[in-house]
Amino acid sequence: AYEVATFYNMYDTQPVGRHKITVCTNLPCALMGANEIAEHLRQKLGIGFGETTEDGRFTLKEGECMGACGDAPMCLHNNHAMHTHLTPEKIDELLDKLK
Ligand code: FES
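Below is the structure:
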């Protein structure tokens, strides 16, 4: 059970914040700027992968390919809403909407 829980992005073995943002960092996304998107999120939220903001609002996670490579870079919000063709501006808009 532990192997399954730690393999899939949608399972969490520790409590997460109200908004879990999972950034795909696999090769196609990385080639399209996922690392810059992740760095932007880290700076905006003040947390790293696997961490939750002090107010419990945001958790940032690193994810594996979610099948949206053609729309890279991308992230998933709360295992449900996919955000694609990300730019730092789009991340800012998303965070503003979620605050
Ligand atoms: S590599 Fe990121 S969605 Fe496939």
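Numbering-wise, the sequence shown is residues 130 to 228 according to the numbering used here. Even for Gly, the Cβ is constructed at its ideal location relative to N, Cα and C.
(request) Identify, in the order they occur along the chain, each residue of the same chain with its Cβ nearer than 7 Å to the Cβ of Asn155, setting aside the five sequence neighbours on each side. (result) Glu193 and Cys194
(request) Rank Asn138, Ala134, Pro144 and Ala159 by C-alpha distance to the C-alpha of Ala201 and give the top, closest one. (result) Considering only alpha carbons, the answer is Ala159.
(message) One question on the structure: do Lys149 and Lys190 come within less than 8 Å of each other, judged by their Cβ atoms?
(response) One thing to note: Lys149 has its Cβ within 8 Å of the Cβ of Lys190.
(request) For Leu174, I'd like the list of residues in its chain whose CB is within less than 7 Å of its CB, leaving aside the five on either flank, ordered along the chain. (result) Thr182, Phe187 and Leu189
(request) Inspect the beta-carbon positions of Val152 and Cys204 and report whether they are closer than 8 Å. (result) Yes, the Cβ-Cβ distance between Val152 and Cys204 is below 8 Å.
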